[in-house]
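Everything below concerns the one structure shown next.
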Ligand SMILES: C[S@@+](CC[C@H](N)C(=O)[O-])C[C@H]1O[C@@H](n2cnc3c(N)ncnc32)[C@H](O)[C@@H]1O
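In this note's numbering, the protein residues as written are 4 to 205.
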């Protein structure tokens with residue numbers, strides 16, 4: 004039986020080995036992250052979490068969206084990713100937390116939005132973990148699940164095919180979100196981006 008600590012170790016080993024050159028591997032993604040953040044419709048003063056923030060690539064556009072009076076948090080399980088975020092100066096744009104998004108050290112309904120890039124496929128129990136994200140967001144708040152490459156293009160890059168049980172396929176993702184406290188409001192899966200937006204149910 005796999006335990007939660009096995010899952011953590013696996014994530015930390017996998018991303019720990021990739022942290023140092025993570026940003027260098029994807030140097031042109033900045034505008035795509037900015038466009039995805041725009042999809043959240045954040046306002047000045049809002050409180051937003053980047054769940055699985057990695058090296059913090061989304062933190063600058065998130066800070067720009069909420070301004071100095073807002074709050075930007077970045078949570079990640081892998082210390083090396085957060086260390087790379089600090090080296091890149093991204094801790095100036097948000098507060099970094101070494102935390103599991105499955106058990107966030109945040110009060111219920113304390114946020115306006117959650118941004119998660121490249122996260123959902125790494126979660127051990129997506130339904131339960133999306134429910135935890137819903138817990139910390141106020142009713143009417145927003146979730147963005149983003150990837151700077153579409154599902155088909157990613158599968159081709161990794162030399163595999165998309166299967167119908169893919170978690171991020173629209174017919175799977177919509178009910179998954181609905182069962183976890185989210186109502187999906189938009190879904191885009193094209194070569195240059197995957198972006199699903201959802202609103203926290205009342
Ligand atoms: C594909 S990377 C994406 C990083 C960043 N969001 C980006 O777009 O560059 C996935 C990140 O999620 C983190 N992660 C995976 N499972 C997590 C969990 N349960 N709690 C917090 N972070 C997690 C990993 O450590 C890794 O940094």
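Note that CB positions come from ideal geometry on N, CA and C, so glycine has one too.
Since the structure is predicted, the reported quantities are computational estimates derived from the model, not experimental observations.
Am I right that residue i and residue j are in contact with their C-beta atoms under 8 Å? What's the rounded C-beta distance?
i	j	result
residue 55	residue 150	11 Å between Cβ atoms; not a contact.
residue 52	residue 91	That belief does not hold up - the Cβ atoms of residue 52 and residue 91 are roughly 19 Å apart, past 8 Å.
residue 45	residue 116	6 Å
residue 195	residue 35	7 Å
residue 85	residue 99	5 Å
residue 148	residue 184	The pair is not a contact, with the Cβ atoms about 14 Å apart (cut-off 8 Å).
residue 97	residue 76	6 Å
residue 197	residue 160	Contact doesn't hold; Cβ gap of about 13 Å is too wide.
residue 112	residue 141	4 Å
residue 143	residue 205	7 Å
residue 203	residue 137	6 Å
Can you say whether residue i is buried or exposed, counting buried as having 16 or more other CB atoms within 10 angstroms of its CB?
i	result
residue 108	exposed
residue 135	buried
residue 188	exposed
residue 163	exposed
residue 171	buried
residue 129	buried
residue 168	exposed
residue 166	exposed
residue 64	buried
residue 9	exposed
residue 95	exposed
residue 17	exposed
residue 28	exposed
Per DSSP, which residues does residue i bridge with? Please list them.
i	result
residue 150	197
residue 119	148
residue 53	77, 118
For residue i, which residues from the same chain have a beta carbon less than 6 Å from its beta carbon, with the 5 sequence-adjacent residues on both sides left out?
i	result
residue 74	50
residue 175	none
residue 146	117, 185, 201
residue 70	47
Is residue i near ligand 1, judged by its Cβ being under 7 Å from some heavy atom?
i	result
residue 14	yes
residue 197	no
residue 96	no
residue 51	no
residue 139	no
residue 80	yes
residue 99	no
residue 104	yes
residue 60	yes
residue 120	yes
residue 55	yes
What residues in its chain sit with their C-beta under 8 Å from that of residue i, if we drop five residues either side in the sequence?
i	result
residue 32	60, 151
residue 11	80, 103
residue 23	83, 87
residue 179	129, 130, 133, 170
residue 181	187
residue 139	52, 107, 109, 110, 111, 112, 113, 114, 117
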